[in-house]
Ligand code: PEP
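Numbering (the working numbering), first residue to last: 44 to 295.
As structure tokens, this is what we get:
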């Protein structure tokens, strides 16, 4: 992990959590974070949209930030069921994940759509976490770096800076499967992403690139130690504070 880049340990609760069960987990996280007067990493939880307001209230004044999992590209309008980046900001979010592979797959989101959503996040004053990652077929077909290049080049928002944009490398085949790439494989992809960012943004040294895909307490230290890995995006192991905290502890 680079000293130049402050790590971000982010949890993605996906479509999990009701107010009654989620609140104690968030409160426990806030309590543990509060035991560190000067945390060395950023901590983020992205709950379902229904819980952002409540979780942001519980996290207020703490080191734990709250984010959305997706946003619409437009500020407002006739888009039944959608939520704009401005609405996320209004309800207490500071970040928004865009282009998660589950949205790319389940909702057919193209790079162009992801880019528009990332730009909406920036417009609203949110930090965009832009997800990229190859499928198993793409990895086995030796296409990983080409796929990553295509996604980074075409999903990166206009106006991206180290302050408003984070990249999350999440191999699709590693999400929720318990499988992870080797640290060597992670290093290759992260170095490649940094090179791509350099050619797109000029100075990209300060941009954080997270790893995501079956991160848990037992493998987090090894993954966070890989060069150019600046934190984690965590799904399943972020739902319980007792599972998430050991991941945070690798960087705090
Ligand atoms: C994710 O969905 O962003 C993710 C990384 O999930 P998991 O940690 O459960 O593999």
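Beta carbons are placed, not taken as given, at the ideal position from N, Cα and C, and that holds for glycine.
Does at least one heavy atom of ligand 1 sit under 7 Å from the Cβ of residue i?
{"i": "residue 253", "result": "no"}
{"i": "residue 219", "result": "yes"}
{"i": "residue 111", "result": "no"}
{"i": "residue 127", "result": "no"}
{"i": "residue 284", "result": "no"}
{"i": "residue 258", "result": "yes"}
{"i": "residue 55", "result": "yes"}
{"i": "residue 209", "result": "no"}
{"i": "residue 143", "result": "yes"}
{"i": "residue 278", "result": "yes"}
{"i": "residue 152", "result": "no"}
{"i": "residue 177", "result": "no"}
{"i": "residue 213", "result": "yes"}
Span of the beta strand (DSSP E) holding residue i?
{"i": "residue 100", "result": "Looking at the DSSP string, residue 100 is not in any beta strand (DSSP E); the run it does join, the alpha helix (DSSP H), is 92–102."}
{"i": "residue 204", "result": "It is not in any beta strand (DSSP E) - residue 204 carries neither H nor E in the DSSP assignment."}
{"i": "residue 236", "result": "Careful: residue 236 lies outside any beta strand (DSSP E), inside the alpha helix (DSSP H) at 226–244."}
{"i": "residue 171", "result": "170–175"}
{"i": "residue 85", "result": "85–89"}
{"i": "residue 110", "result": "107–111"}
{"i": "residue 55", "result": "51–55"}
{"i": "residue 116", "result": "Taken as a continuous stretch (DSSP letters only), residue 116 belongs to no beta strand (DSSP E), as it is neither H nor E."}
{"i": "residue 140", "result": "138–141"}
{"i": "residue 312", "result": "Within the shown structure, residues of the chain are numbered from 44 to 295, placing residue 312 beyond reach of any answer."}
{"i": "residue 279", "result": "Where residue 279 is concerned, there is no enclosing beta strand (DSSP E), given that its DSSP letter is neither H nor E."}
{"i": "residue 211", "result": "208–212"}
{"i": "residue 357", "result": "An answer regarding residue 357 cannot be provided, because it is not within the stretch 44 to 295 covered by the chain."}
Measure the beta-carbon distance from residue i to residue j and round it to whole angstroms, keeping in mind my assumption that it falls under 8 Å.
{"i": "residue 251", "j": "residue 209", "result": "5 Å"}
{"i": "residue 132", "j": "residue 168", "result": "6 Å"}
{"i": "residue 142", "j": "residue 198", "result": "5 Å"}
{"i": "residue 106", "j": "residue 82", "result": "5 Å"}
{"i": "residue 237", "j": "residue 271", "result": "5 Å"}
{"i": "residue 242", "j": "residue 267", "result": "Actually they are not in contact, since the Cβ atoms of residue 242 and residue 267 sit about 26 Å apart, beyond 8 Å."}
{"i": "residue 87", "j": "residue 53", "result": "4 Å"}
{"i": "residue 172", "j": "residue 140", "result": "5 Å"}
{"i": "residue 71", "j": "residue 263", "result": "Residue 71 to residue 263, Cβ: 18 Å. No contact."}
{"i": "residue 116", "j": "residue 163", "result": "5 Å"}
{"i": "residue 269", "j": "residue 229", "result": "5 Å"}
{"i": "residue 84", "j": "residue 48", "result": "Actually they do not touch by this definition, with Cβ atoms about 10 Å apart."}
{"i": "residue 195", "j": "residue 240", "result": "7 Å"}
{"i": "residue 97", "j": "residue 62", "result": "6 Å"}
{"i": "residue 170", "j": "residue 137", "result": "6 Å"}
The alpha helix (DSSP H) spanning residue i covers which residue range?
{"i": "residue 188", "result": "187–198"}
{"i": "residue 158", "result": "154–166"}
{"i": "residue 290", "result": "284–292"}
{"i": "residue 134", "result": "128–134"}
{"i": "residue 77", "result": "62–77"}
{"i": "residue 260", "result": "260–267"}
{"i": "residue 180", "result": "179–183"}
{"i": "residue 148", "result": "144–149"}
Just checking: is the beta-carbon of residue i within a distance shorter than 8 Å of some beta-carbon in chain D?
{"i": "residue 141", "result": "Of the protein chains in the structure, only one exists, and it is not chain D."}
If contact is defined by three or more beta carbon pairs under 8 Å, each pair taking one atom from either stretch, is the stretch 120–133 in contact with the stretch 146–156? no
Between the stretch 255–266 and the stretch 216–235, do three or more beta carbon pairs fall short of 8 Å? Between the stretch 255–266 and the stretch 216–235, the count of Cβ pairs shorter than 8 Å is three or higher; the stretches touch.
Looking at C-beta atoms only, is the number of pairs between the stretch 100–116 and the stretch 64–83 that lie closer than 8 Å three or more? yes
Taking contact to mean at least 3 C-beta pairs separated by less than 8 Å, is the stretch 239–249 in contact with the stretch 259–278? no
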